[in-house]
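Below is one structure, written out as structure tokens; the observations come after it.
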Amino acid sequence: MNNLTKMTRLEVIVPARDAPPIRDLITSAGATGYTSVSGVSGIGHHGQHSGALLFNEYDTLTMLITVLPPDKAGDLIDAVRELLSTSSGVMFVADTYVSRPDYFQ
Amino acid sequence: MSLILRAHVAAAAHDVVSSWPLESFIAVNPLASRESHPFETSATPDATLTRSRDAYLSDYRLGRIDNTDLEAALIERIPAFATSFTVGTSTISAKRVAVLDLTTVEWGSPRPADGTPTWIDEYVAAWVSTYLNPDPLWMMPHSERGLFGAWRHLARHDTALPRRARRKLGGVPSEPDGALAWALNELEIPSQKIVASLREELNRLPGWVGHIKWRADRIGDIDIASYLAVRFVLRAILDISPVHTSGPSDTGSPEPTVWQRAETVTRSLLGSEVTREHIAAIARVLANHPVTEHPYTWQKAYEIHYRAALMPALSATHEVHGRPEMQLVMCIDPRSEGMRRHLECDPGVETFGFAGFFGIPMRFARYRARGSIDSLPALLTARHHITEDPTDMAQTRRLLARARNRDAFRKANHHADSNAATPFAFAEVTGWIFGAASILRTFTPALHARLARALTPALERPDSTVTVADSFSLQDRAAMARTAVRMMGMTGFAPLVVLAGHKSESANNLFESALDCGACGGNPGAANARAAAAIFNDPAVRELLSTGGIDIPADTVFAAAEHNTATDAMTLLDQHLLPRSHDQFVQRFDRLSRTAGDHLLRERANDLPGASRRRSSTPLRARAHDWAEVYPELGLAGNAAMIIGPRRITRGVDLGRRVFLHSYESGEDPDGTALETIMTAPLVVAQWINHQYYFSALNPTTLGAGTKTIHNAVGTIGVLAGGSGDLRRGLPWQSVGCGTELFHEPMRLAVVIQAPLERVGDIVSRNQVLRNLLDNDWITLTARHDSTAVWHRYTRYGWSQAPITTEGRRS
């Protein structure tokens, strides 16, 4: 696809207090980086979630996004799924394409 | 370590509640990880959720709980008890039957598990303590390798371990990840039991584990995986299988059957003419309320009784007419309630309640100080650094030189005292000076404090301003001021507006920061008050506020102050910044606050162990300097409710320093954003504090820190009871009880809000933290639209009119 390189993108939405172990898994899996979006709002399995709160970063939702080569993604997906089996949060996995694959190796 | 094992470690540690160090003690709900579950299902091996049956029955006999409370609690928990049924020819109310059952049936009081540390617990605790001690006599060798690396290296020479185990240690992987995987394999723990096994091991030393979790997030010199690696490798090389903790709440005696209970109740109701049909009819009712639920009904009744006295007190309104002479904004902390009440005896004084960090989250360092404090709620991360800018450099240089000399002297003393070679010589040379000082300090603490102040002028602070304008843009400062005004519902401004933070001053008190401001991260609130006053006095900020409709008169001056909750002294800060035009207001504030402080101090003396209100205020204040005093003040003991609403509904009401008070005017907050901020931040912090007191009172040896008298500090990290073992969690016994009796009444926070019900409901609906707390019975919520409306209780099915029992009851 237009000389783009196929990668795997993971999006994990968890309570902000549960984000550190997810970040740890992402870096341990060999991902070269991640994006963190705090104050995510929406409606899900547990009902409605307000967005950013003025004086509370602890009880909002955070979305962590990472992109990594497909051969590294499997272990991370299994690990995040294992972690989310005992706590709240969701994970989305999708194929994605990047123009600078060396950034993600 | 494989990613899966790392995920297992994270899953096992998920429910561990971080435990803050002593220097910035943050009150947390020790069962916070259970907040998404019903309160009643949240007992753990080391936590009971209710008091004993004897305690409730004692309160019942004393009238602290009565039949009306029990009936209201029963109907709240099981609505079917609102009906009546027929037994023979009689019609009997179901709630009456259930109350009889409650007061007659016996149930074993739950007890937390023993938690006696094993040899491994003691051994690991000693290593963790050595590794983390910030001020050891000898630095731990190889500590740069991390806990596991240092232990693995040193333990090979540790004769506490058998020779065979030490030899085996040589073959263990050097990295904690690999070592943990190796140990789990050696111990033959099946993969499906790994998380449970790791969790069991974390439960063995919950105090240290809570601190490690905090440290892993904030400092990063240790993590849960390395701690678990030490424990599991130790088990593997010693060939000791992981233990399984015994379950909670072993009540000891078997529960009576529903038939036995029904028989007792039926005989009590009908006398001797009892048939099997009568008993069966009663049994059908009692089956709805098994004995296992009795403790929770008693607890609810206990809380309803308090609410029943509180709610009618909020019926009158007390307005301040005209422009007040001065306004005072104090922290929502229940201790502020007393000071506000006494200050408001003067009709020209108006007070407000606001989170004690005044909406300014900051990391603060004094001018050229070595350390800094994160003066903000634990719900936020410090991103803005603020310091001081001296206004008189000559004075500052002079004071700084004295401070350095004093610091050098203290450091030299500390080295001479703690060095292995010098303590005896040091004692010979200086013992007579320190001995005399100790005698003075022991027998005349107030005189010693006065002398210490006179002899150490280095403690004086140079005149300065806080550098708030360097850290926050003008827009940010204006937004913070606007938020504060809107959250408090301030519509007018007096000539003098005092923003008062608070601190607690006590000697030889390892838990001093637990008495400081919770909204400031367990620190004194003076820095935030100074920053807020600087913002409000900034003409550029006022101009921006004016464009948004908030007009602060030109003659209004904001001043920062600090309330010392141990002595009830109020001190105006940064007086060099106040204009001479306001001297009369400043003098008046000094007079009023001195009088209010004296009255409050005497009021508090009624509750303070060993104090008497008949004595002069001097010995009461001297308690703050007495290094043998374990009750310098009672902190937030007794806290039971939080009121979010205008001060006019509580002004003039003696709330007994038991209520968090946040000012709020729904008319000034049409879109509800201010209320949402209050409910998702100050309310959450108040709930943490409330449950810290609740569980420290109910579980003093497992979730509380036990008695202060045997505490030993591990640096500024925490305390041990005695010389070893687990780090103690929670509050010391002296914060909740005296002798063998509790003075803190453990009640879940009763939140009371005056605002449109629809607005309150919407906010709850869109915030999971509130849904968890309310739907799972961790707190209660009662609200009304305005002062003329009827109170409504929040239930998981919507609002319901507050039971009649909460209105018009005797106190």
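So the protein lines, in turn, are chains A and B. All residue numbers for the first sequence refer to the numbering used here, where the first residue is 214 and numbers rise by one. All residue numbers for the second sequence refer to the numbering used here, where the first residue is 43 and numbers rise by one. The beta-carbon is built from N, C-alpha and C at its ideal position, and this holds for glycine as well. None of the values given here were measured: they were computed from a predicted structure.
Strictly under 7 Å for the Cβ-Cβ distance: is T245 of chain A near chain B by that measure? Position 32 of the first sequence, counting from 1, holds the residue named residue 245 of chain A. It does not; no Cβ of chain B falls within 7 Å.
Please check the pair G772 of chain B and F737 of chain B, which I expect to be a contact at CB under 8 Å, by giving their CB distance rounded to whole angstroms. Position 730 of the second sequence, counting from 1, holds the residue named residue 772 of chain B. Position 695 of the second sequence, counting from 1, holds the residue named residue 737 of chain B. Indeed they touch by this definition, with Cβ atoms about 7 Å apart.
Three or more beta-carbon pairs under 8 Å between the segment 372 to 388 of chain B and the segment 539 to 559 of chain B, yes or no? yes
Under 7 Å from the C-beta of I46 of chain B: neighbouring residues of chain A: For the purposes of this step, residue 46 of chain B is taken as the residue at position 4 of the second sequence. Within 7 Å Cβ-Cβ: D291, A292, E295.
Starting from the beta carbon of D288 of chain A, find every residue of chain B whose beta carbon is closer than 7 Å, and list them in chain order. Your numbering for residue 288 of chain A matches position 75 in the first sequence. Ordered by position in chain B, the residues that pass the 7 Å Cβ test against D288 of chain A are L45.
Which residues in the same chain have their Cβ closer than 8 Å to the Cβ of D111 of chain B, if we skip the five residues on either side of it in sequence? If you number the second sequence from 1, residue 111 of chain B lands on position 69. Cβ neighbours of D111 of chain B within its own chain (closer than 8 Å, five residues either side excluded): A343, Y344, I346, H347, A350, T847.
I think L740 of chain B touches T90 of chain B, with their Cβ atoms under 8 Å apart; what is that distance to the nearest whole Å? On the second sequence, position 698 is the one that residue 740 of chain B refers to. On the second sequence, position 48 is the one that residue 90 of chain B refers to. So it is a contact: roughly 6 Å between Cβ atoms.
Below 8 Å between beta carbons is the criterion; list the residues of the segment 255 to 279 of chain A that meet it against any residue of chain B, in chain order. When CB distances to chain B are screened at a threshold of 8 Å, the residues of the segment 255 to 279 of chain A falling below it are H259, G260, Q261, H262, S263, L266, L267, F268, N269, E270, Y271, D272, in chain order.
Along the segment 722 to 748 of chain B, what residues have a CB closer than 7 Å to any CB found in chain A? T722, A723, V726
Of the residues that make up the segment 299 to 311 of chain A, which ones have a beta carbon closer than 8 Å to any beta carbon in chain B? T299, S300, S301
So, is the C-beta of T201 of chain B closer than 7 Å to a C-beta in chain A? Reading the second sequence from its first residue, position 159 is the one you call residue 201 of chain B. So no, T201 of chain B is outside the interface.
Starting from E186 of chain B, follow the beta strand (DSSP E) in both directions and report where the run begins and ends. If you number the second sequence from 1, residue 186 of chain B lands on position 144. Taken as a continuous stretch (DSSP letters only), E186 of chain B belongs to no beta strand (DSSP E), as it is neither H nor E.
Is it the case that the Cβ atoms of M789 of chain B and A728 of chain B are separated by a distance below 7 Å? Counting from one through the second sequence, the residue named residue 789 of chain B turns up at place 747. Counting from one through the second sequence, the residue named residue 728 of chain B turns up at place 686. No; because the gap between Cβ atoms is not below 7 Å, this pair is not in contact.
Considering only C-alpha positions, which residue in the set B:D177, B:P337, B:L614 is nearest to W457 of chain B? Translated into positions along the second sequence, residue 457 of chain B becomes position 415. Looking at the sequence itself, residue 457 of chain B is His, so the reference to Trp does not match. That would be B:D177, whose Cα lies nearest to the Cα of H457 of chain B.
For chain A, find out if any of its Cβ atoms is closer than 7 Å to the Cβ of D375 of chain B; answer yes or no. One-based indexing of the second sequence puts residue 375 of chain B at position 333. D375 of chain B does not count as touching chain A.
For the segment 795 to 823 of chain B, list every residue whose C-beta sits within 7 Å of some C-beta in chain A, in sequence order. S807, R808, N809, Q810, V811, R813
Which first and last residues belong to the alpha helix (DSSP H) in which K285 of chain A is found? Residue numbering aside, residue 285 of chain A sits at position 72 when the first sequence is read from its first letter. 283 to 297 is the extent of the alpha helix (DSSP H) around K285 of chain A.
With 7 Å as the threshold, decide whether the Cβ of L223 of chain A is near any Cβ in chain B. Within the first sequence, the letter at position 10 stands for residue 223 of chain A. No - not a single Cβ of chain B is within 7 Å of the one on L223 of chain A.
Using a Cβ-Cβ cutoff of 8 Å, what residues of the segment 558 to 576 of chain B are near chain A? List them in chain order. none
Just to confirm the assignment, what range does the alpha helix (DSSP H) spanning L267 of chain A have? Along the first sequence, one-based indexing puts residue 267 of chain A at 54. Here L267 of chain A belongs to no alpha helix (DSSP H), and DSSP marks it neither H nor E.
Does the CB of H331 of chain B have a neighbour CB from chain A at under 7 Å? In the second sequence, the residue the question calls residue 331 of chain B occupies position 289. Chain A, which has no Cβ nearer than 7 Å to the Cβ of H331 of chain B, makes this no.
Output the distance between the C-alpha atoms of G289 of chain B and Y269 of chain B, rounded to the nearest integer angstrom. Walking along the second sequence from the start, residue 289 of chain B turns up at place 247. Walking along the second sequence from the start, residue 269 of chain B turns up at place 227. Any reading at G289 of chain B must be qualified, since the residue scores a pLDDT of 49, below 50, and its modelled position is unreliable; the value itself is stated next. Rounded to the nearest angstrom, the two C-alpha atoms are 24 Å apart.
Residues of its chain near S94 of chain B, where Cβ-Cβ distance is below 6 Å and the 5 sequence neighbours each way are ignored: Here residue 94 of chain B is taken as the residue at index 52 of the second sequence, counted from 1. Around S94 of chain B, the same chain offers S151 as residues with beta carbons nearer than 6 Å, after the five sequence neighbours per side are excluded.
Run of the beta strand (DSSP E) containing W841 of chain B, from where it starts to where it stops: Start at 1 with the first residue of the second sequence, and residue 841 of chain B comes out as number 799. 840 to 843 is the span of the beta strand (DSSP E), which, as asked, contains W841 of chain B.
Looking at chain A, which residues of the segment 408 to 423 of chain B have a Cβ within less than 8 Å of any of its Cβ atoms? Within the segment 408 to 423 of chain B, P419, A420, L421, L422, T423 place their CB atoms closer than 8 Å to a CB of chain A, listed in sequence order.
When B:G398, B:I402, B:M372 are compared against E392 of chain B, the one with the closest alpha-carbon: The residue given as residue 392 of chain B occupies position 350 in the second sequence. Ranking B:G398, B:I402, B:M372 by Cα distance to E392 of chain B puts B:M372 first.
Tell me, please, whether the segment 396 to 411 of chain B touches the segment 423 to 436 of chain B by the rule of three or more beta-carbon pairs shorter than 8 Å. yes
Using the three-state DSSP reduction, which class does R852 of chain B fall into: helix, strand or coil? Taking the first residue of the second sequence as position 1, residue 852 of chain B is located at position 810. The predicted position of R852 of chain B is uncertain, since its pLDDT is 44 and thus under 50; a value taken from the coordinates is nonetheless stated next. Note: R852 of chain B maps to coil in three-state DSSP.
D291 of chain A to W820 of chain B span [Cα, whole Å]: Numbered from 1 along the first sequence, position 78 holds the residue referred to as residue 291 of chain A. Numbered from 1 along the second sequence, position 778 holds the residue referred to as residue 820 of chain B. Cα to Cα, the separation comes out at about 34 Å.
Please go through the segment 387 to 461 of chain B and give each complete alpha helix (DSSP H) segment of 4 or more residues, from N-terminal end onward. 435 to 460
On the three-pair Cβ rule with 8 Å, is the segment 697 to 709 of chain B touching the segment 519 to 535 of chain B? yes
Going along the chain, which residues of its own chain have a beta-carbon closer than 6 Å to the beta-carbon of P133 of chain B, five neighbours each way excluded? Locating residue 133 of chain B in the second sequence gives position 91, where the first residue counts as 1. One detail in the question is off: residue 133 of chain B reads as Thr in this sequence, not Pro. Counting only Cβ-Cβ distances below 6 Å, and skipping sequence neighbours, we find S126.
Rounding to the nearest angstrom, what Cα-Cα distance links S283 of chain B and L229 of chain B in this structure? Locating residue 283 of chain B in the second sequence gives position 241, where the first residue counts as 1. Locating residue 229 of chain B in the second sequence gives position 187, where the first residue counts as 1. If you take the alpha carbons of S283 of chain B and L229 of chain B, they lie about 7 Å apart.
Quick check on T719 of chain B - is its C-beta less than 7 Å from some C-beta in chain A? As a working mapping, residue 719 of chain B is identified with position 677 in the second sequence. Interface residue, yes.
Residues bridged to F553 of chain B by DSSP? Along the second sequence, one-based indexing puts residue 553 of chain B at 511. Bridge partners of F553 of chain B: none, in fact.
Considering only their Cβ atoms, is the gap separating R208 of chain B from R198 of chain B smaller than 7 Å? The sequence position of residue 198 of chain B within the second sequence is 156, counting from 1. The sequence position of residue 208 of chain B within the second sequence is 166, counting from 1. Yes, they are a contact pair.
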